[in-house]
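Engineer:
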Amino acid sequence: DTGVSQNPRHKITKRGQNVTFRCDPISEHNRLYWYRQTLGQGPEFLTYFQNEAQLEKSRLLSDRFSAERPKGSFSTLEIQRTEQGDSAMYLCASSLVSISEQYFGPGTRLTVT
Amino acid sequence: ELKVEQNPLFLSMQEGKNYTIYCNYSTTSDRLYWYRQDPGKSLESLFVLLSNGAVKQEGRLMASLDTKARLSTLHITAAVHDLSATYFCAVDMGSNYKLTFGKGTLLTVNP
């Protein structure tokens with residue numbers, strides 16, 4: 069499979085619990101992006117990595133959110149002390165540094181009850 | 759701050775008809791993207807427009823970019839039911855290529 073993959077595809081959690089999502093980019097892609105999409109809205113940028121370096125974070129990314137990309141391969145997005153407002157689809161995308169087009173994964177749908 | 763506006767947000771069409779979705783953005787950029795999203799699914803790339811005057815066509819869809827007017831259009835020709843989906847335009851600026859999306863246009867094609 070040469071596409072972007074994300075796991076889990078769905079996650080239901082209780083408010084206050086921690087959750088972690090994983091994204092595996094297309095193998096030769098050195099840029100990796102996280103976006104969040106709520107119902108009826110377009111995706112919003114959260115953060116991005118070039119190789120293992122996290123180069124930009126949105127103000128949407130509160131201190132309860134942390135993202136890593138160890139060794140410049142897969143990435144994880146962790147949300148601590150989840151709130152109902154965190155319920156959304158979390159999308160990962162990857163690209164090459166030299167090419168702007170991003171390829172999106174299937175997303176992880178988070179529901180906080 | 760870059761803002762991207764799409765209109766209409768909702769579009770109900772009959773099969774066989776033509777229509778255009780508009781995408782305006784607030785800050786100079788030479789790169790604009792169109793994506794399609796089916797319910798509960800991720801984003802599928804439709805078009806990448808990288809210069810003023812760029813025009814791309816795929817099947818019944820044609821996209822164009824006017825960077826001076828900060829406007830892109832997605833034209834639908836002879837719509838069919840399979841085109842029913844939400845269509846997003848997105849713009850990026852700078853070397854990080856992070857995307858700013860419009861709110862999307864929910865297209866419903868009726869028989």
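Residue numbers (the numbering used here), protein chains in the order written: chain A, 69 to 181; chain B, 759 to 869. We put the CB at the ideal spot given by N, CA and C, even for glycine.
Can you tell me whether I147(A) is buried or exposed, with buried defined as 16 or more other CB within 10 angstroms of its CB?
Structural biologist: With 16 or more other Cβ atoms within 10 Å, it is buried.
Engineer: How long is the line joining the alpha carbons of K82(A) and A135(A), rounded to whole angstroms?
Structural biologist: Each residue's Cα considered, the two are about 21 angstroms apart.
Engineer: Using only alpha-carbon positions, find the residue among D154(A), G175(A), R77(A) and Q152(A) that is nearest to A161(A).
Structural biologist: Per the Cα distances, G175(A).
Engineer: With a floor of 3 residues, list each beta strand (DSSP E) that falls wholly inside the segment 783–846 of chain B, ordered by position along the chain.
Structural biologist: Here the runs fully enclosed are 790–795, 801–807, 813–816, 819–824 and 829–834.
Engineer: Step through the CB atoms of chain A and report whether any lies within less than 9 angstroms of the CB of K799(B).
Structural biologist: Yes, because at least one Cβ of chain A sits closer than 9 angstroms to the Cβ of K799(B).
Engineer: By the three-class DSSP mapping on this structure, what secondary structure does Q152(A) have?
Structural biologist: The answer is helix: DSSP assigns Q152(A) an H, G or I state.
Engineer: Would you say T858(B) faces chain A, with C-beta separation under 9 angstroms as the test?
Structural biologist: Output row for T858(B): interface = yes.
Engineer: Pair every Cβ in the segment 835–852 of chain B with every Cβ in the segment 778–787 of chain B, then say whether three or more of these pairs are closer than 8 angstroms.
Structural biologist: The answer is yes - the segment 778–787 of chain B touches the segment 835–852 of chain B, with three or more Cβ pairs under 8 angstroms.
Engineer: For Q118(A), which beta-bridge partners are listed by DSSP?
Structural biologist: BP columns for Q118(A) point to R99(A) and A121(A).
Engineer: Find out if the Cβ-Cβ distance for the pair Q74(A), G173(A) is shorter than 9 angstroms.
Structural biologist: Closer than 9 angstroms, so yes.
Engineer: At the level of alpha carbons, what is the spacing between L808(B) and D788(B)?
Structural biologist: Answer to the nearest angstrom: the Cα atoms are 6 angstroms apart.
Engineer: Any Cβ of chain B within less than 9 angstroms of the Cβ of Q152(A)?
Structural biologist: No - not a single Cβ of chain B is within 9 angstroms of the one on Q152(A).
Engineer: State the start and end residues of the unbroken beta strand (DSSP E) segment that holds R177(A).
Structural biologist: First-last of the beta strand (DSSP E) with R177(A): T176 to V180.
Engineer: The beta strand (DSSP E) that contains E763(B), what's its start and end?
Structural biologist: Where E763(B) is concerned, the enclosing beta strand (DSSP E) stretches over V762 to N765.
Engineer: Could you name the residues of chain A that N854(B) contacts, counting a contact when the two beta carbons are closer than 8 angstroms?
Structural biologist: Those are Y116, L123 and E124, listed as they occur along chain A.
Engineer: Applying a beta-carbon distance threshold of less than 8 angstroms, which residues of chain B neighbour F113(A)?
Structural biologist: Simply K856, L857 and T858.
Engineer: Does the ligand HEM have a heavy atom nearer than 8 angstroms to the CB of C847(B)?
Structural biologist: The ligand HEM is not part of the structure shown, which contains no ligands of any sort.
Engineer: Would you mind giving the Cβ-Cβ distance between S805(B) and L864(B), rounded to the nearest angstrom? I have them listed as a contact below 8 angstroms.
Structural biologist: Before going on, a small fix: residue 805(B) reads as Phe here, not Ser. Contact flag wrong, Cβ pair sits at about 19 angstroms.
Engineer: Select from the segment 156–170 of chain A all residues with a C-beta closer than 7 angstroms to any C-beta belonging to chain B, and list them in chain order.
Structural biologist: The segment 156–170 of chain A vs chain B, Cβ under 7 angstroms: L159, S163, S168, E169 and Q170.
Engineer: What did DSSP end up calling R775(B) once you bin it into helix, strand or coil?
Structural biologist: For the record, residue 775(B) in the displayed sequence is Lys; it is not Arg. Coil.
Engineer: Could you tell me the alpha carbon to alpha carbon distance between A121(A) and L819(B), rounded to whole angstroms?
Structural biologist: When rounded, the distance between both Cα atoms is 38 angstroms.
Engineer: Using a 10 Å radius around the Cβ and a threshold of 16 neighbouring Cβ atoms, would you call R149(A) buried or exposed?
Structural biologist: Exposed: under 16 other Cβ atoms inside 10 Å.
Engineer: Short of 8 angstroms Cβ to Cβ, which residues in the segment 94–112 of chain A face chain B?
Structural biologist: Of all residues in the segment 94–112 of chain A, R99, Y101, Y103, G108, Q109, G110, P111 and E112 have a Cβ within less than 8 angstroms of some Cβ in chain B.
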